[in-house]
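Those protein sequence lines, which keep their order, are chains A and B.
Under the numbering used here, the first residue of the first sequence carries the number 1, and numbering increases by one thereafter.
Under the numbering used here, the first residue of the second sequence carries the number 662, and numbering increases by one thereafter.
We treat Cβ as the ideally placed atom computed from N, Cα and C, and that holds for glycine.
What you are looking at is a predicted structure, and each value in this text was computed from that prediction instead of being measured.
Data block below; observations after.
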Amino acid sequence: MSFLQPLLLAGLPLISLPILIHLINQRRFQTIRWGAMMFLLAANRMSRGYAKLRQWLILVFRTLAIAGLIFGVARPLASGWLGLTAGGRPDTTIILLDRSPSMRQQGEGQVGTKLDTGRYQLARSLGLLGSAKWVLIESTTNTPREIESPEVLLNLPATEPSSASADLPVMLQAAHDYVKANKSGRTEIWICSDIRANDWNSESGRWATLRDAFLELTQGVRFHLLAYAQSATGNVSLRVTNVRRQQSSDGAELLVSLKLSREGVADDAEKVSVPVSFEIEGARSEATFEISGSTFEMKDHRIPIERSKDRGWGKVSIPADANSADNDFYFVFDRPAVRQTIIVADDANAARPLQLSAGISPDPAMKLAAEVLTVDQLPTVEWDQVSLVLWQAALPDGPTADAIQMLVDRGGQVIFFPTQGVTSTSFAGMSWQSWNESPDGIAIETWRVDQDLLANTQSGAALPVGQLQVRKHCGLSGEHTPLATLKGGAPLLARVTTNRGGVYFCATTPAAADSSLAENGVVLYVLVQRALGLGAAVLGNTRQLVAGDVSGEQPTAWQQLAGPPDALSTEFAFHGGVYSGGERLLALNRASAEDQAAVLADGRIAELFQGLDFARVDDKAGNLAALIQEIWRLFLVAMIIALIVEAALCLPKKVTQVVSA
Amino acid sequence: MWRTRLACTGFSVQQRQSQLRHASRVPHNSIPESPRMFADRQPRSFLDTGALSRLAAVPLNSRRPMLGSVSGRHTSPHRGASVEFAEYRKYVPGDDLRRLDWRAYGRSDRFYVKEFEADTNLRLCAVLDTSGSMDFGSTGITKIEYARKLAGSLAYLASQQGDAVGLSCVANTIVRNIPPKRGPAHLMNVFDILEQAQPSGETQLIGVLHELAETIRQRALIVILSDFFVEPDLLRGCLQHLRFRKHDVSMFQLLDPLEINFNFRRPMRFIDMEGGPSIFAEPNEIADRYQKALQKYADELLAVVLESAVDFHPVTLDENFEQVLMRFLVGRTRTKGVR
Chain A
1 MSFLQPLLLA GLPLISLPIL IHLINQRRFQ TIRWGAMMFL LAANRMSRGY AKLRQWLILV
61 FRTLAIAGLI FGVARPLASG WLGLTAGGRP DTTIILLDRS PSMRQQGEGQ VGTKLDTGRY
121 QLARSLGLLG SAKWVLIEST TNTPREIESP EVLLNLPATE PSSASADLPV MLQAAHDYVK
181 ANKSGRTEIW ICSDIRANDW NSESGRWATL RDAFLELTQG VRFHLLAYAQ SATGNVSLRV
241 TNVRRQQSSD GAELLVSLKL SREGVADDAE KVSVPVSFEI EGARSEATFE ISGSTFEMKD
301 HRIPIERSKD RGWGKVSIPA DANSADNDFY FVFDRPAVRQ TIIVADDANA ARPLQLSAGI
361 SPDPAMKLAA EVLTVDQLPT VEWDQVSLVL WQAALPDGPT ADAIQMLVDR GGQVIFFPTQ
421 GVTSTSFAGM SWQSWNESPD GIAIETWRVD QDLLANTQSG AALPVGQLQV RKHCGLSGEH
481 TPLATLKGGA PLLARVTTNR GGVYFCATTP AAADSSLAEN GVVLYVLVQR ALGLGAAVLG
541 NTRQLVAGDV SGEQPTAWQQ LAGPPDALST EFAFHGGVYS GGERLLALNR ASAEDQAAVL
601 ADGRIAELFQ GLDFARVDDK AGNLAALIQE IWRLFLVAMI IALIVEAALC LPKKVTQVVS
661 A
Chain B
662 MWRTRLACTG FSVQQRQSQL RHASRVPHNS IPESPRMFAD RQPRSFLDTG ALSRLAAVPL
722 NSRRPMLGSV SGRHTSPHRG ASVEFAEYRK YVPGDDLRRL DWRAYGRSDR FYVKEFEADT
782 NLRLCAVLDT SGSMDFGSTG ITKIEYARKL AGSLAYLASQ QGDAVGLSCV ANTIVRNIPP
842 KRGPAHLMNV FDILEQAQPS GETQLIGVLH ELAETIRQRA LIVILSDFFV EPDLLRGCLQ
902 HLRFRKHDVS MFQLLDPLEI NFNFRRPMRF IDMEGGPSIF AEPNEIADRY QKALQKYADE
962 LLAVVLESAV DFHPVTLDEN FEQVLMRFLV GRTRTKGVR
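Structure below.
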């Protein structure tokens, strides 16, 4: 049970007042010389069962009456989810609102979404609890903003659903920074979320840091989690995995690859038909697909377009279901730009495999260009056209390093390979160390299969990285994230943390004397093509973006071509849709992780807040019943009942006049 | 319930009021002007001249024939020389020839002796309980003081009509005992003892009554003034013993209103006036059981007195003693003549 005025509970010892009064009264006895002792003795010998019970009942009801009064004025709440708030009204209440697409999931048979329900419940509950200051941190901007009252949550545009994923550690960090910067007093942090694993990043090392940081705060911070963890079984999500334009015999056509996923359904579930609507700049077409399991993938669904239509946008939709956020997907298309790779290599044996990997297109419609240059020729390169740089030479310095850094900042990719001559030059904080030789070859022990260049394929198959043999590798120094590690712990492929773009260091070269990268070309080819794809994604006049991650763009200059009509222009970057920025076409969609319905386990949540003052309550989307409700009336009624019963028990029995003259 | 007992005596409120009115018409010159009896004596605090003058209008009768030593106003089991014809009896040799009814002889040719009722005096034995519990009183008068008034007035009324008066003060034993005698000097002795009687000690009424039943030789009117805080079952034996000795037994049970109502508010420590253990009690808690115990006792006592045919008068100290005595006296007028 929770109380709005818990300090008044300090008066609970007053329930012993009837006992004290009884004891005091006992001490104020009178003495009388009495003749009729035989009746008193007989009365004492009689059974005292009911009389004793009556006395105890009177004491109990008097105690209950006082307790009812104290509990009543302490303003109890009819919910245990708040816990016993000590100290009454908090100084600052920070609301962390998860606006991710998964929060648009509706309850079973309910109209309201998780986000709507959460906002409604927060507005009602927090309004009841009160606070000196209200601060909102929503999941798109992660910036604290003060609000007048919790009721504002119902109307504030910044609390409307978005297509951007949430990052709870960042939101908590923002809350911590706010508390620290503003020297807030006792603070309550309310988290409204559906505890999706992708939003919480529970494996992130930031959680431990956050826990320690909050524990260091002296003012006392209490966490409340309003969780909407229920899943929407059968909900279908749509994702366009690829869109290509190609010439056909009739003119031109779009090849749209898409993926349909059904949440919480076994692979052997019965088939369902899903009508999919395609809209290419207003022209609609529809196709029905049958999903037999949990996922369905359609490769290269052909949609004819005008021959002259080189560039445009489209939208794929499925009918409304439990979550409306994953029913639409926007895309843009254009004639593919040439993916240009610059190879700078000291060793021709190494340069050749690299050139082949970067120059052979996996798709006939995609044009690739790989050019081997020397360091001296670099000033002539038009860096704006370059997607990938493969550098097998001494690490760049001077103007060359600046040019490459600009390419990285623009979103380009660079993979460095070691050269024979070790220099002290460094790039992005990394430098080469001495060479290590192992004529028998060293196998790769571990590599990251979940993301980045060596990730598994879309079908889930792992790359044959384990079959590689490294005969010579160069040591690395500097702060990096290893993507592949040789037996013994030495890194083979490492990534340097950057704001945009990618800077990779491969500790060996494709030369036959150094490794089997060229021999077993699959890994090298995939590695180079993936890096090339990432680098090319920022080129051209069309771009597929993830909502909330629009670095390098200027959303304030965007014009909305398709998308939610009520989205504010300042929030275009967080809403799925198609936008035009100058000559560029941009399609924003939710992150792919949003389609995975994994929810953090209760135990994991408890671990994340271990040591902190944490309370959790689970709610359901569409639930309009108040989470907390003042029930002081009940206590006052109980007190009145107790007083009435006590009075009835105290009423003297109708005494029969035994003796009268 | 106590009122029910009153109804058992066959005396209604109207009758008592009528008697009181009759008493008020008695001329003052027929009674002493003062209860002091003798000029040199101290006035008796327990005697009320006005009440005595009114009570003197109603004679003190015995419910049973008495065996007195002198002629009086009470019936005797023997034949005597009164003017009231009793019966004819066959002459047997040795009878006084003067008592032969010659007219009957003339009519029947047989000798009959004409017999008349004998009138004798009464022996009043007042038994006063002087145990410690008689010292209790919450209405300004204690039980012993009230008992003194009753006993003194009865003694005076009996003496005035020529009856013998005796007094026994009892507690755990017979404290003082004056056998019944006639005469004003003896009455003064009785008054003196009454005045000197002080309550103390515990009640041993049962044993004392048995002892009195044995020691009072001739038939007497035995008036017991006590609170009767004894077991009714034990009292039954005493009363039957007294009845067996052909005594006319009357009981005045004196109770204080507080002992009946038990209307205390605060926690009380009750100290036994007869030296027993004291009890600490919460009146609100114990009142029910106290009333139950009192009720049970009253029921048992009523059963005992009904079985024993005892003239029983429950009295509370807030009652006017004159009315109590009037009720007692008037109740006895209806049973006069029973032999």
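Between which two residues does the beta strand (DSSP E) harbouring residue i extend?
i	result
K810 of chain B	That residue, K810 of chain B, is in no beta strand (DSSP E); its alpha helix (DSSP H) goes K804 to Q821.
R988 of chain B	No beta strand (DSSP E) holds R988 of chain B; the alpha helix (DSSP H) holding it covers F982 to T994.
F913 of chain B	D909 to L916
T117 of chain A	It is not in any beta strand (DSSP E) - T117 of chain A instead sits in the alpha helix (DSSP H) that spans K114 to L129.
P13 of chain A	Unbroken run through P13 of chain A: none, as it is neither H nor E.
For residue i, which residues in the same chain have their Cβ closer than 7 Å to its Cβ, ignoring the five residues on either side in sequence?
i	result
P555 of chain A	F572 and A573
L694 of chain A	With chain A covering only 1 through 661, there is no way to say anything about residue 694 of chain A.
P464 of chain A	N520, V522 and V523
A672 of chain A	Summary: the structure shown does not reach residue 672 of chain A, with chain A confined to residues 1 through 661, and so no result is reported for it.
P688 of chain B	With a pLDDT of 39 at P688 of chain B, under the threshold of 50, the modelled position of that residue is not reliable, and no figure is offered here.
T63 of chain A	I15 and P18
Could you tell me which of the options sits nearest to residue i, measuring between CA atoms?
i	options	result
G575 of chain A	A:S163, A:M46, A:K52 and A:T218	Correcting the residue identity first, residue 575 of chain A is His in this sequence and not Gly. Comparing Cα-Cα distances from H575 of chain A to each of A:S163, A:M46, A:K52 and A:T218, the minimum goes to A:S163.
L225 of chain A	A:L634, A:L612, A:R54 and A:R145	A:L612
Q646 of chain B	B:G827, B:A954 and B:N981	A question about residue 646 of chain B goes unanswered here, because the residues of chain B that appear run from 662 up to 1000.
F289 of chain A	A:I444, A:R75, A:S261 and A:G466	A:S261
I189 of chain A	A:T93, A:L136 and A:P13	A:T93
G251 of chain A	A:E306, A:R244 and A:G205	A:E306
G264 of chain A	A:I24, A:G293 and A:V240	A:G293
Q355 of chain A	A:S426, A:P275, A:N499 and A:L532	A:L532
S969 of chain B	B:H908, B:Y752 and B:D917	B:H908
G984 of chain B	B:T791, B:G767 and B:L811	For the record, residue 984 of chain B in the displayed sequence is Gln; it is not Gly. Nearest of B:T791, B:G767 and B:L811 to Q984 of chain B, Cα basis: B:L811.
Q246 of chain A	A:L210, A:L96, A:P304 and A:V528	A:P304
R750 of chain B	B:D770, B:A832 and B:E776	B:E776
V884 of chain B	B:R927, B:R930 and B:A816	B:A816
N349 of chain A	A:S184, A:T509 and A:E160	A:T509
V338 of chain A	A:K315, A:S357 and A:K367	A:K367
D549 of chain A	A:A518, A:R590 and A:T117	A:R590
What span of residues does the alpha helix (DSSP H) with residue i cover, start to end?
i	result
R54 of chain A	G49 to V73
S769 of chain B	W763 to S769
D894 of chain B	P893 to F905
M38 of chain A	M37 to R45
I947 of chain B	P944 to S969
Pull the bridge partners of residue i from the DSSP assignment, please.
i	result
C650 of chain A	None; C650 of chain A has no bridge partner.
I442 of chain A	A:V470
M298 of chain A	A:L258
E279 of chain A	A:R284 and A:K315
Could you name the residues of the same chain whose beta carbon sits closer than 8 Å to that of residue i, not counting the 5 residues immediately before and after it, in chain order?
i	result
Q871 of chain B	Going by the sequence as given, residue 871 of chain B is His instead of Gln. If we look at H871 of chain B and ignore the five residues flanking it on each side, its Cβ neighbours are G898, C899 and H902.
L69 of chain A	F635, L636 and M639
I921 of chain B	L955 and T977
S131 of chain A	R89, P90, D91, T92, T93 and E188
F905 of chain B	A874
E286 of chain A	P275, V276, S277 and F278
P362 of chain A	Q529
CB-CB under 6 Å to residue i, same chain, minus the five flanking residues each way: which ones, in chain order?
i	result
L600 of chain A	I195, A197, W200 and S202
D701 of chain B	Low confidence applies here, because D701 of chain B scores a pLDDT of 47, under 50, leaving its location unreliable and the question unanswered by this model.
Q467 of chain A	N520
R697 of chain B	In this prediction, R697 of chain B scores a pLDDT of 47, lower than 50, which makes its location untrustworthy; no coordinate-derived value is stated.
R843 of chain B	A825
F1028 of chain B	Any question about residue 1028 of chain B goes unanswered here, given that chain B covers just 662 to 1000.
(message) When you compare the region 449-456 of chain A with the region 429-436 of chain A, are there three or more beta-carbon pairs, one atom per stretch, that lie closer than 8 Å?
(response) no
(message) For the pair the region 254-272 of chain A and the region 229-238 of chain A, tell me if three or more CB-CB distances fall below 8 Å.
(response) yes
(message) Can you confirm whether the region 468-484 of chain A touches the region 373-385 of chain A when touching is taken to mean that 3 or more C-beta pairs between the two stretches lie within less than 8 Å?
(response) no
(message) Would you call the region 505-512 of chain A in contact with the region 474-483 of chain A, where contact means no fewer than 3 C-beta pairs closer than 8 Å?
(response) yes
(request) Mind the definition here: the region 412-420 of chain A touches the region 384-403 of chain A only if three or more C-beta pairs lie below 8 Å; say whether that holds. (result) yes
(request) Decide if the region 536-551 of chain A is in contact with the region 584-602 of chain A; the criterion is three or more beta carbon pairs, one per stretch, under 8 Å apart. (result) yes
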